[in-house]
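Novice:
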Amino acid sequence: MNYIKKTTFFFAAILVCNVCLAQHNTVNKDYDKFYRSFCMIINYPTELMRNCISTVCVLKIKVDSAKNVIDMKLSDSADSLLNVEFKAHSSGLDIQSFEKYLKAQYIKSNCTTYLIPISYSIYGMPCTPQVIKITSLYNYLKFEGRYISDDATFLEPIFTTSNVKR
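Note that our numbering has the sequence shown beginning at 21, numbered continuously upward.
#1: CB-CB under 8 Å to Asn103, same chain, minus the five flanking residues each way: which ones, in chain order?
#2: Using C-beta distances below 7 Å, list every residue in its chain close to Gln125, excluding the 5 sequence neighbours before and after it, in chain order.
#3: Among Glu164, Leu113 and Asp99, which one has its Cα closest to the Cα of Tyr51?
#4: Assign Ala86 to buried or exposed, taking buried as 16 or more other Cβ atoms, counted over all protein chains shown, within 10 Å of its Cβ.
#5: With a 10 Å radius around its C-beta and 16 neighbouring C-beta atoms as the bar for buried, classify Lys107 as buried or exposed.
#6: In whole angstroms, what separates the C-alpha of Ser169 from that of Glu105?
#7: To the nearest angstrom, report how far apart Lys53 and Phe118 are at their CA atoms.
#8: When DSSP labels each residue in this structure, what does Ser139 get in the three-state scheme?
#9: Excluding five sequence neighbours on each side, which residues of the same chain lie with their C-beta closer than 7 Å to the C-beta of Val89?
#10: Along the alpha helix (DSSP H) that carries Val104, what are the first and last residues, could you check?
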């Protein structure tokens with residue numbers, strides 16, 4: 021009987037993992053590479069996980085007319101700890117794949133600002149519902165204290181989840 025439970029659990033875990041991986045597939049392989057690099061490189065700060073603080077923010081990517089990335093920033097709704105993590109590790113993101121994606125999909129566009137909604141969720145904590153600070157919503161489209169004023173194109177959101185135990 022114990023063998024049946026273990027085998028059932030094993031196959032259920034494989035099914036769940038496949039569903040999670042399928043959620044990370046996008047319609048474009050180059051965007052998918054960038055997406056995955058973000059999820060792997062930008063780790064959600066442990067202190068935010070311990071305090072059950074989820075984050076919703078926007079990644080603003082500025083490009084030149086040739087679709088080369090010239091700047092990246094998180095919106096003011098991102099916690100300062102997440103900003104520190106982003107600044108420390110954003111150089112490891114797969115920018116080349118992102119630029120390749122823009123050049124293939126948006127080459128005829130005059131847009132130089134691209135926005136990617138980002139959501140960090142926490143699971144495995146006794147803190148349901150998860151906390152999203154109201155100030156985060158007010159600052160969702162603010163960058164350095166000012167609302168975005170450029171024409172911008174929203175791209176596919178990045179959803180990440182973290183499992184943690186206290």
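C-beta: ideal position from N, C-alpha, C; glycine also.
Specialist: Put simply:
#1: Closer than 8 Å at the Cβ level, and outside the excluded window around Asn103, lie Leu94.
#2: Closer than 7 Å at the Cβ level, and outside the excluded window around Gln125, lie Asn48.
#3: Ranking Glu164, Leu113 and Asp99 by Cα distance to Tyr51 puts Leu113 first.
#4: So Ala86 ends up on the exposed side.
#5: Burial is judged here by how many other beta carbons sit within 10 angstroms of a residue's own beta carbon; Lys107 has fewer than 16 and is exposed.
#6: Distance between the alpha carbons of Ser169 and Glu105 is about 26 Å.
#7: Each residue's alpha carbon lies about 8 Å from the other.
#8: Residue state, collapsed to three classes: strand.
#9: Hits under 7 Å: Ile81, Val83, Ile115, Phe118 and Glu119.
#10: Counting along the chain, Val104 sits inside the alpha helix (DSSP H) bounded by residues Ser100 to His109.
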